[in-house]
Amino acid sequence: MKKVLITGANKGIGFETARQMLQHGCYVCIGSRSVENGRAAVETLKAKGLSHVEAVELDVTSSESVRVAREEIGRKTDVLDVLINNAGINWGMPQSSLEASVDQFKQVFDTNLYGVVRVTQAFINLLQKSAQPRIVNVSSSGSSLTLHSDPTWKYYSHKAALYPSSKAALNMYTIDLAYQLKDTPFKVNAVCPGFVATDFNNHRGTGTVQEGGTRIAKYAMIGPDGPSGKFIAEEYNPQTGETPW
Ligand code: NAP
Numbered sequence: 005m006k007k008v009l010i011t012g013a014n015k016g017i018g019f020e021t022a023r024q025m026l027q028h029g030c031y032v033c034i035g036s037r038s039v040e041n042g043r044a045a046v047e048t049l050k051a052k053g054l055s056h057v058e059a060v061e062l063d064v065t066s067s068e069s070v071r072v073a074r075e076e077i078g079r080k081t082d083v084l085d086v087l088i089n090n091a092g093i094n095w096g097m098p099q100s101s102l103e104a105s106v107d108q109f110k111q112v113f114d115t116n117l118y119g120v121v122r123v124t125q126a127f128i129n130l131l132q133k134s135a136q137p138r139i140v141n142v143s144s145s146g147s148s149l150t151l152h153s154d155p156t157w158k159y160y161s162h163k164a165a166l167y168p169s170s171k172a173a174l175n176m177y178t179i180d181l182a183y184q185l186k187d188t189p190f191k192v193n194a195v196c197p198g199f200v201a202t203d204f205n206n207h208r209g210t211g212t213v214q215e216g217g218t219r220i221a222k223y224a225m226i227g228p229d230g231p232s233g234k235f236i237a238e239e240y241n242p243q244t245g246e247t248p249w
């Protein structure tokens, strides 16, 4: 049974991805910065008959929280097959390059980039024990530098600096991580779930969490011939998903 850790899995896309990975027959560890919300998510999944699940307290902005979660998981297993770096924030407004403050940038980067660095580095040796380790970094097509530089792109005028720059940085982290692991069985990709209705966007998204979760789960489960070091956004490229950085 594949063992999976998903950060920020107590609700939204992370929770739905957990549900789908359980349906794929995996054992899932729900990372949640709130113990209560993590336990509630586990109870909801168990009530649906999905029992191979537990919660771990995990705040990605705290090195101590990540260390304790790593210790706790390490006491129960000596292998992790899948890490889904899903926890993310957008901070709200203002997002623009002239208005968003340095403190706002720090907060968003602390979760969306440094959080991924903390968790990935803490769990990499457990992932290296897997025969087919997979890392999915949950990104956003709205962080593509290429698309944002193309005046013909339909969202060209939808500009922001704060949240997209954190995901663009995450994309670069993904490229380097995939490169560092290129001679191993690892598959490492940045995957956009689509514009999905969650608390994240006050439920203005046009897609469902089921659609978003399916996109993430697909790259968490890809076989040995699957891509690595790619930026995947199926709304941009419905065939391969491959999207310009
Ligand atoms: P959501 O419903 O707001 O869920 C975000 C999750 O991240 C929650 O579980 C939240 O925990 C958790 N989280 C936030 N900060 C955390 C921290 N410091 N440590 C641990 N967990 C933390 O948002 P979502 O739409 O499901 O977003 C999930 C991911 O998809 C994010 O990375 C987001 O950037 C990405 N994404 C979303 C969309 C979209 O349209 N929704 C589009 C592109 C990419 P709490 O419950 O404790 O707040």
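Just so we're aligned, residue 5 is where the sequence shown starts under my numbering, counting upward by one.
Each residue gets a CB set at the ideal place from its N, CA and C atoms; glycine is no exception.
For this session: Helix, strand or coil for Ala51, going by three-state DSSP, please let me know.
Result: Residue mapping note: residue 51 aligns to position 47 of the sequence shown, counting from 1. Helix at Ala51.
For this session: Please report the residue range of the alpha helix (DSSP H) in which Arg71 lies.
Result: Against the sequence shown, residue 71 aligns to sequence position 67. Its alpha helix (DSSP H) spans residues 67-80.
For this session: With distances taken Cα to Cα, identify the nearest neighbour of Thr202 among Val192, Ala126, Glu215.
Result: Position 198 of the sequence shown, counted from the start, is the residue given in the question as residue 202. The option with the nearest alpha carbon to Thr202 is Glu215.
For this session: Have a look at Glu75 and Glu40 and give me their C-alpha separation to the nearest angstrom.
Result: Taking the first residue of the sequence shown as position 1, residue 75 is located at position 71. Taking the first residue of the sequence shown as position 1, residue 40 is located at position 36. Approximately 20 angstroms, taken between the alpha carbons.
Problem set entry | Pairwise C-alpha distance: Leu84 and Lys191 | Locating residue 191 in the sequence shown gives position 187, where the first residue counts as 1. Locating residue 84 in the sequence shown gives position 80, where the first residue counts as 1. Rounded to whole angstroms, Lys191 to Leu84 spans 14 angstroms at the Cα level.
Problem set entry | Inter-residue Cα distance where the pair is Asn116 and Ala51 | One-based indexing of the sequence shown puts residue 116 at position 112. One-based indexing of the sequence shown puts residue 51 at position 47. In a straight line, the C-alpha of Asn116 is about 31 angstroms away from that of Ala51.
For this session: Determine the DSSP secondary structure at Lys7, reduced to helix, strand or coil.
Result: Indexing the sequence shown from 1 puts residue 7 at position 3. Of the three classes helix, strand and coil, the one that applies to Lys7 here is strand, per DSSP.
Exercise. Taking the C-alpha atoms as reference points, what is the distance between Glu20 and Glu103?
Worked result: To locate residue 20, count along the sequence shown from 1; it is residue 16. To locate residue 103, count along the sequence shown from 1; it is residue 99. Going by the C-alpha atoms only, they are around 34 angstroms apart.
Problem set entry | Pairwise C-alpha distance: Tyr167 and Gly227 | Here residue 227 refers to the residue found at position 223 when the sequence shown is read from its first residue. Here residue 167 refers to the residue found at position 163 when the sequence shown is read from its first residue. Whole-angstrom Cα-Cα distance: 31 angstroms.
For this session: Answer yes or no: the CB of Asp203 versus the heavy atoms of the ligand NAP, is any distance below 7 angstroms?
Result: Counting from one through the sequence shown, the residue named residue 203 turns up at place 199. Correct: Asp203 has its Cβ closer than 7 angstroms to the ligand NAP.
Problem set entry | Val63 Cβ short of 7 angstroms to the ligand NAP heavy atom set | By 1-based counting over the sequence shown, the position of residue 63 is 59. The question names Val, but residue 63 is Asp in the sequence shown. True, at least one ligand heavy atom lies under 7 angstroms from that Cβ.
Problem set entry | Endpoints, the beta strand (DSSP E) within which Pro23 is located | Translated into positions along the sequence shown, residue 23 becomes position 19. Note that residue 23 is Arg in the sequence shown, not Pro. Where Arg23 is concerned, there is no enclosing beta strand (DSSP E), although the alpha helix (DSSP H) it sits in stretches over 16-27.
For this session: Please classify Tyr1: does DSSP put it in a helix, a strand, or coil?
Result: Given that the chain is displayed from residue 5 to residue 249, the structure contains no residue 1 and the question cannot be resolved.
For this session: Measure the CB-CB distance between Arg23 and Leu49 and report whether it falls below 8 angstroms.
Result: If you number the sequence shown from 1, residue 23 lands on position 19. If you number the sequence shown from 1, residue 49 lands on position 45. Yes, they are a contact pair.
Exercise. For the 8 angstroms Cβ check, are there 3 or more pairs between the stretch 222-242 and the stretch 175-183?
Worked result: Touching, per the Cβ criterion.
Problem set entry | Complete runs of the alpha helix (DSSP H) confined to the stretch 185-232 [at least 4 residues] | 213-224
Exercise. Where does Arg138 sit, in a helix, a strand or coil, going by DSSP?
Worked result: Mapped onto the sequence shown, residue 138 falls at position 134. Correct three-state label for Arg138: strand.
For this session: Answer with buried or exposed for Gly96, where buried requires no fewer than 16 other C-beta atoms within 10 angstroms of its C-beta.
Result: Counted from its first residue, the sequence shown places residue 96 at position 92. In the assembly as shown, Gly96 is an exposed residue. Its beta-carbon has fewer than 16 other beta-carbons within 10 Å.
Exercise. Under 7 angstroms from any heavy atom of the ligand NAP, does the C-beta of Asn14 make it?
Worked result: By one-based count along the sequence shown, residue 14 stands at place 10. True, at least one ligand heavy atom lies under 7 angstroms from that Cβ.
Exercise. Nearest to Gly198 by alpha carbon, out of Gly12, Gly217, Lys186?
Worked result: To locate residue 198, count along the sequence shown from 1; it is residue 194. Residue Gly217 is the option with its Cα nearest to Gly198.
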